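Asks: Position one of the sequence shown corresponds to residue 232 (the numbering used here), numbered consecutively onward.
Virtual Cβ for every residue (Gly too), placed ideally from N, Cα, C.
Source: prediction; values computed, not measured.
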Amino acid sequence: LLAQRELPPAPQAVHLDALHHWVESAVAARLGAGASGSERDRLRVRGSQFIAAWRFPTTFPAFSELLIDAEGNLWAREFTGIEFNGTQRWTVFDTTGRELGAVQGPPATRLLQVGTDFILGHSIDSLGVETVRMHRLIK
């Protein structure tokens with residue numbers, strides 16, 4: 232163990248309504264604006280069946296993603312909910328485990344790479360068009 236960080240004192244509880252909201256977010260993210268109602272209904276039913284069949288933990292995780300940047304720093308994406316297009320907040324730790332700070336990531340973007348002065352991200356718009364963008368990283 233290189234470093235230990237105190238987690239938020241009150242973890243987010245998993246509620247059934249949050250899981251169903253996740254299904255709606257997943258359906259919207261997967262299908263985009265041009266999908267038929269029957270396709271949406273089919274995916275909603277599959278999502279509800281998944282929720283009914285699985286046992287979920289009682290709380291959500293503190294972090295949802297980890298990434299190592301070009302300098303060896305650890306980027307930990309704080310779990311902010313189960314929506315697909317939400318805001319991202321990353322906490323950055325150096326190689327000794329010391330917290331360097333927090334970074335607000337571009338919304339609806341999956342980080343692919345973090346360089347010394349850039350962030351490379353992938354996003355999908357409401358029409359399903361995929362884009363890779365480079366954002367400037369100012370330290």
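Under the DSSP definition of a beta bridge, which residues are partnered with residue 336?
Replies: Answer is 319, bridged to residue 336.
Asks: Any idea what DSSP makes of residue 243, helix, strand or coil?
Replies: Coil at residue 243, not helix or strand.
Asks: Taking the alpha helix (DSSP H) that residue 276 falls in, what are its first and last residues?
Replies: Here the alpha helix (DSSP H) through residue 276 covers 268-284.
Asks: Please report how far the alpha carbon of residue 351 lies from the alpha carbon of residue 300, in whole angstroms.
Replies: Residue 351 and residue 300: Cα-Cα distance of roughly 11 angstroms.
Asks: Check residue 254 in the structure and name its three-state DSSP category.
Replies: Residue 254 falls in the helix class under three-state DSSP.
Asks: Using 7 angstroms as the threshold, is the C-beta distance between residue 294 and residue 307 below it?
Replies: Cβ distance < 7 angstroms, so residue 294 and residue 307 count as in contact.
Asks: CA-CA distance, residue 283 and residue 277?
Replies: So the two alpha carbons sit approximately 10 angstroms from each other.
Asks: Classify residue 342 as buried or exposed, calling it buried when 16 or more other Cβ atoms lie within 10 Å of its own Cβ.
Replies: Under this definition residue 342 is a buried residue.
Asks: Take the Cβ of residue 303 as the centre, count every other Cβ of all protein chains shown within 10 Å, and call the residue buried at 16 or more, exposed below.
Replies: With fewer than 16 other Cβ atoms within 10 Å, it is exposed.
Asks: Hey, could you find the ends of the beta strand (DSSP E) residue 295 is sitting in?
Replies: Segment 294-299, the beta strand (DSSP E) holding residue 295.
Asks: May I ask you to list the residues that DSSP assigns as paired with residue 326?
Replies: Answer by DSSP bridge pairing: none, since residue 326 is not bridged.
Asks: So, at 6 angstroms on beta carbons, what are the nonlocal neighbours of residue 368 in its own chain, with the 5 sequence-adjacent residues on each side left out?
Replies: Cβ neighbours of residue 368 beyond the five flanking positions: 348, 349 and 350.
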